[in-house]
Amino acid sequence: MLAYIIRRLLLMIPTLLGIMVLNFVVIQFAPGGPIEQILAQLQGTAVSATARFSGEGTEVQSSAPKTGAGSEVNSKYRGARGLDPKFIKQLEVQFGFDKPAYVRLLDMIRSYVVFDFGKSFFKDRSVIDLVLEKMPVSISIGLWTTLIGYLVSIPLGIAKATREGSRFDAWTTTAITAGSAIPGFLFAILLIVVFAGGRYLDWFPLRGLTSPNWHELSWPARILDYLWHMTLPIVAMVTGSFASLTLLTKNSFLDQMRMLYVSTARAKGLNEQQVLYGHVFRNAMLIVISGFPGAVISIFFGSALLIETIFSLDGLGLLGYEAAINRDYPIMFATLYFFSLLGLIVNLVGDLTYTLVDPRIDFERRDV
Numbered sequence: 010m011l012a013y014i015i016r017r018l019l020l021m022i023p024t025l026l027g028i029m030v031l032n033f034v035v036i037q038f039a040p041g042g043p044i045e046q047i048l049a050q051l052q053g054t055a056v057s058a059t060a061r062f063s064g065e066g067t068e069v070q071s072s073a074p075k076t077g078a079g080s081e082v083n084s085k086y087r088g089a090r091g092l093d094p095k096f097i098k099q100l101e102v103q104f105g106f107d108k109p110a111y112v113r114l115l116d117m118i119r120s121y122v123v124f125d126f127g128k129s130f131f132k133d134r135s136v137i138d139l140v141l142e143k144m145p146v147s148i149s150i151g152l153w154t155t156l157i158g159y160l161v162s163i164p165l166g167i168a169k170a171t172r173e174g175s176r177f178d179a180w181t182t183t184a185i186t187a188g189s190a191i192p193g194f195l196f197a198i199l200l201i202v203v204f205a206g207g208r209y210l211d212w213f214p215l216r217g218l219t220s221p222n223w224h225e226l227s228w229p230a231r232i233l234d235y236l237w238h239m240t241l242p243i244v245a246m247v248t249g250s251f252a253s254l255t256l257l258t259k260n261s262f263l264d265q266m267r268m269l270y271v272s273t274a275r276a277k278g279l280n281e282q283q284v285l286y287g288h289v290f291r292n293a294m295l296i297v298i299s300g301f302p303g304a305v306i307s308i309f310f311g312s313a314l315l316i317e318t319i320f321s322l323d324g325l326g327l328l329g330y331e332a333a334i335n336r337d338y339p340i341m342f343a344t345l346y347f348f349s350l351l352g353l354i355v356n357l358v359g360d361l362t363y364t365l366v367d368p369r370i371d372f373e374r375r376d377v
């Protein structure tokens, strides 16, 4: 097993390299880079809904010299009309665009090897500090959503499989299907209206991961305050995630329960609990575990974006989205690198979990 883990870890290196190179090439053809964003700000034509240049951005002289009203500058940037070419050149040097693309790519790879992600173009802070600052929010949402989703869906799916066709099966199917039919962001708004002072009750806070006086509280009070703030976002996230995992678990168990080995186990005198958890469980759970890596990545950095926005939780999802809108390349590539690395690690953890569920699986006898 150790040799398999080492091979998988080594395989992550070319995989990460390929992901970064491919996305770097794609970015070169995407219009509206960081310089265009600044020019649009200077010309007053920026339309970004999330732009936050003022007060926290890279210092750029807004009083740039102009070549005269209506004059044109021989520039590759749209919106550069009326601006001094020296000012455009200064911006290129400031952002590193005076170097060829392959040089910038090699510099980025060398820096990422030692986890040096540089400095944000527009927030005037190091990228690693921004990521570490936002990480508690995304980890909180991702871990709680995944944990609660699996702790509820797997036992519920097993119960539905053993009671197929009963009223319990019908009612629970109706409930989880109705929950999945409501988009998470709409359910979040409903929770705010009902429970966060929107119109009816004022039981839960509307924004933030903790209260402003969190550092002044005792540790038990800090934990309660944290859980108090996370209740509504987590409920909004997990409500729609039960259906697919529950039904997957149920169908997987039903398929296994119809196998010949189950009938053989019953014929040997084993009771239903021994058959279910001694034989069926480890085989049925393999297909459930196979979807774990994709579910984790989706919950951590996909579905959480709208929830972070609605509940004013400043996490990695919102940070990455704003970076993409504002063309903050250091943050874009750093979050891409982090997400990709996490995805590869979670995939490895998923493979190792197979051996915990079914010890008969031996990856040493397989190619990677």
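Following the numbering used here, the residues of the sequence shown are numbered contiguously, the last one being 377. Just so you know, even glycine gets a beta-carbon here, dropped at the ideal spot from N, CA and C. The model shown is predicted, which means the values in this text are computed figures rather than measured ones.
Comparing alpha carbon positions, the residue from 136, 239 and 28 closest to residue 337 is 136. Residues 344 of the same chain have their beta carbon placed closer than 6 Å to that of residue 329, with the five preceding and five following residues left out of the count.
For residue 144, the enclosing alpha helix (DSSP H) starts and ends at 136-171. For residue 335, the enclosing alpha helix (DSSP H) starts and ends at 325-335.
Per DSSP, residue 248 is not a residue of any alpha helix (DSSP H), being assigned neither H nor E.
In the structure shown, residue 39 adopts coil according to DSSP, grouped into three states. Partner residues in a beta bridge of residue 95, as assigned by DSSP, do not exist. A direct Cα-Cα distance of roughly 7 Å separates residue 150 from residue 313.
Taking residue 294 as reference, the option from 269, 265 and 270 with the minimal CA-CA separation is 265.
Counting only the Cα atoms, residue 194 lies some 23 Å from residue 234. Spanning the alpha carbons of residue 253 and residue 113 requires a straight line of approximately 43 Å. Residue 234 sits in a helix when the DSSP states are folded into three classes. Following the DSSP letters along the chain, one finds residue 113 inside the alpha helix (DSSP H) bounded by residues 110-122. In the assembly as shown, residue 40 is an exposed residue. Its beta-carbon has fewer than 16 other beta-carbons within 10 Å.
Nearest neighbour of residue 24 by Cα position, chosen from 364, 352 and 360, turns out to be 352. In this structure, the CA atom of residue 100 is about 21 Å from the CA atom of residue 115. Annotation: residue 211 to residue 217 spans about 16 Å, alpha carbon to alpha carbon. A distance below 7 Å between beta-carbons, with the five flanking residues on each side excluded, links residue 263 to the following residues of its chain, in chain order: 170 and 173. The beta-carbon distance between residue 259 and residue 166, rounded to whole angstroms, is 4 Å. This is short enough to meet the 8 Å contact definition.
Of the other Cβ atoms in all chains shown, 16 or more fall within 10 Å of the Cβ of residue 246; this residue is therefore buried. Contact between residue 255 and residue 185 holds: CB atoms are separated by about 6 Å, below the 8 Å threshold. DSSP places residue 259 in the helix class (H, G or I) of the three-state scheme.
8 Å or more divides the Cβ of residue 354 from the Cβ of residue 242.
Separation of the CB atoms of residue 323 and residue 140 is rounded to 12 Å, and the pair is thereby denied contact status at 8 Å.
Assignment of beta-bridge partners to residue 211 by DSSP yields 205. Counting the other CB atoms within 10 Å of its CB gives residue 225 a total below 16, which places it among the exposed residues. The C-beta distance from residue 46 to residue 110 rounds to 19 Å, too long to meet the 8 Å contact threshold.
With a contact defined as Cβ atoms closer than 8 Å, residue 163 and residue 297 qualify at about 7 Å. Residue range 269-276 is occupied by the alpha helix (DSSP H) that includes residue 270. Residue pairing by DSSP places residue 128 opposite 135 in a beta bridge.
Between the beta-carbon of residue 342 and that of residue 29 there is about 7 Å, and that keeps the pair under the 8 Å contact cut. For residue 107, no alpha helix (DSSP H) run applies, since DSSP gives it neither H nor E. For residue 189, the three-state secondary structure derived from DSSP is helix.
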